[in-house]
Amino acid sequence: MGQLRHMLRDDDVNHEEQKQILELGMKFRENRFYHRPFEGPQGVAVLFDKPSTRTRSSFSIGVAELGGYPLVIDKSGSQLGRGEPISDTTEVLTRMAYALVWRTFEQSRIEEMASVATVPVVNALTDEFHPCQVLADFLTIAQFKGGVDALAGMTIAYLGDAANNMANSYLLAGAVAGMHVRVSGPNGFLPDDAIVQDAEAIAATTGGSILVTTDPKEAMRDADCVFTDTWVSMGEENQYAVRSKPFWQYQVNADLMALAKPDALFQHCLPAYRGKEVTAEVIDGPQSVVWDEAENRLHAQKALLTWLIGKQRGDESLLV
Ligand code: CP
Ligand code: NVA
């Protein structure tokens, strides 16, 4: 029996489901053509209201490798960008495409799309969450640290703008994975209580834990993987001046990295700003796995799309 599922935020999948998607991602890492769920050029609409390099390329190439046709629509080239209602756009696209992927602003926009769509909807980044990125990041940990089963119980640390989409996604996805998630940023740039409470509730069921702290050293101590992100997210470009100052003590540099485990990984969703949220020494250094992380966007998203299509069709063979 088919089941329509979406990936709007990281906790739209449970622990076992997240593992299943990551295991599929490992299979796609080994064999780019492991599954081809789309027969012929079945279309997947990939919409962008914000710029993108990695998400655009990984979904475009990924959908093609799955046997589908990626229809990439930019805000400037769509009627959505001229104010056509989300529900009207969705009514049209859902009759043509086999999945809808959208990078946009408020989370409520993609929730509205999902409330109308009759095909899976995937969040390709909103102001609140970036679940595809974190699937790729966890796949990268699995790649380097002993597979998907090794994720539960690991400690991850995120430093910097702890109120942004990446911080929120690490909190939720890390909790789902059963990780010990530490998020650190300055006062005024910490996650919303509602997200922290959601993450804590999930962590209580998976054996994980959540720590939100203004002390970057407390977050870094003995971490297995360290993450950071830009201090100025898309849509905040007019805040450069106010957004640099409070974050300096959260810059991931060699001194802070020395507090993490000696074999800790460093990851960054990219684009990175060397000399701001991370030093060149760290991001270009031996602990950095950012290029594998970027490549894993392709494998993780192919796994996610395959899993969502498998669920919708009730085709168990696509889930493993
Ligand atoms: N990390 C990421 O989503 O990159 P893009 O903005 O280039 O898609
Ligand atoms: N927090 C960043 C992530 C970019 C992939 C942004 O939203 O711009």
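By full-length UniProt numbering, the letter at position 57 of the sequence shown is numbered 57, and the numbering carries on one by one without gaps.
Beta carbons: idealized from backbone N, C-alpha and C, even for Gly.
Heavy atom of the ligand CP within 7 angstroms of residue i beta-carbon
i	result
T279	no
R274	no
R54	yes
L270	yes
V135	Sequence inspection shows Leu at residue 135; the Val mentioned does not correspond to that position. Flag unset: Cβ of L135 not near the ligand CP.
residue 322	Summary: the structure shown does not reach residue 322, with the chain confined to residues 1 through 320, and so no result is reported for it.
From the options, residue whose alpha carbon lies closest to that of residue i
i	options	result
A74	P120, T53 and C269	First, the amino acid is wrong: residue 74 is Asp here, not Ala. Here the closest residue by C-alpha is T53.
K145	M26, F189 and H299	M26
D224	S184, L71, M257 and E112	M257
L171	D88, L135 and R56	L135
A64	V46, K50, S76 and D315	V46
A254	D192, D284, G43 and S244	D284
V176	H6, D10 and G2	D10
V242	F189, H299 and K50	F189
residue 332	G207, A272 and E111	Since the first and last residues shown for the chain are 1 and 320, residue 332 lies out of range.
V252	P271, N238, G235 and V226	V226
V212	E106, P271 and I195	I195
R5	N123, R103 and P51	N123
T140	G178, L22 and V101	L22
G67	R56, T89 and Y98	Y98
H15	M179, E237, Y273 and E111	M179
S76	M113, S60, D49 and Y69	D49
D229	P271, L24, A294 and T118	P271
S57	S317, R297 and I309	R297
R274	K311, W231 and R109	W231
E91	M166, S108, E293 and E112	E112
F138	P51, F266 and I309	F266
Check: residue i C-beta below 7 angstroms from any heavy atom of the ligand NVA
i	result
H130	yes
residue 367	Not covered by the structure: residue 367. The range shown for the chain is 1 to 320.
N164	yes
M234	yes
According to DSSP, residues forming a beta bridge with residue i
i	result
Q42	G68
C225	I156 and L265
D74	F48
W102	L47 and N123
M7	V122
T213	S184
R274	V278
V252	V278
S288	F266
When you compare the segment 198-208 with the segment 288-300, are there three or more beta-carbon pairs, one atom per stretch, that lie closer than 8 angstroms? no
Could you tell me whether the segment 122-137 touches the segment 158-176, using the rule of 3 or more Cβ pairs below 8 angstroms? yes
Is it the case that the segment 21-36 contacts the segment 298-311, given that we only count it when at least three CB pairs across the two stretches are under 8 angstroms? yes
Indicate whether the contact test is met: 3 or more Cβ pairs, each with one atom in the segment 177-188 and one in the segment 214-223, closer than 8 angstroms. yes
Would the segment 75-91 count as touching the segment 154-165 if we require 3 or more Cβ pairs under 8 angstroms? no
Under 8 angstroms, with one C-beta from each stretch per pair, do the segment 258-268 and the segment 37-44 reach the 3-pair mark? no
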